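Q:
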Amino acid sequence: MPTPTAAILAAIQNILVDHNVLEEGADGLYETCAALAGPETESTLAALRAAPDVTVMPYNDSPAVMNAVRRALERAGYHLR
418 MPTPTAAILA AIQNILVDHN VLEEGADGLY ETCAALAGPE TESTLAALRA
468 APDVTVMPYN DSPAVMNAVR RALERAGYHL R
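Spelled out as structure tokens, the structure:
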């Protein structure tokens with residue numbers, strides 16, 4: 418994962434504009450999950466909050482990583498500017 422530059426953060430923000438509608442909109446993923454969990458919603462959320470932190474690797478700004486980032490964004494219809 419590369420260091421989060423202004424260009425990378427802008428790309429992430431653009432992705433989230435489209436993505437948030439799918440999660441947060443009416444009949445979105447959050448609403449669907451809440452309906453499926455029903456009365457177990459609070460205990461499920463508590464279990465998720467209690468999960469251990471995920472260890473991440475240090476940033477990698479190598480040309481290979483940046484090229485992979487650009488290709489992935491382009492395949493998804495976004496661009497690194």
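Everything in the sequence shown is counted per this note's numbering, starting at 418 for the first residue and increasing by one. The C-beta atom is built at its ideal place from N, Cα and C for all residues, glycine as well. On a predicted model such as this, the values are computed, not experimentally measured, just so you know.
Should the region 427-434 be regarded as contacting the region 466-485, the criterion being three or more beta carbon pairs within less than 8 Å?
A: no
Q: For T369, which residues of its own chain have a beta-carbon under 6 Å away from its beta-carbon, when the five flanking residues on both sides are left out?
A: Examination of residue 369 is not possible in this model, given that the chain is present from 418 through 498 alone.
Q: What residue range does the alpha helix (DSSP H) around P419 cover?
A: Segment: none, P419 is in no alpha helix (DSSP H) and carries neither H nor E.
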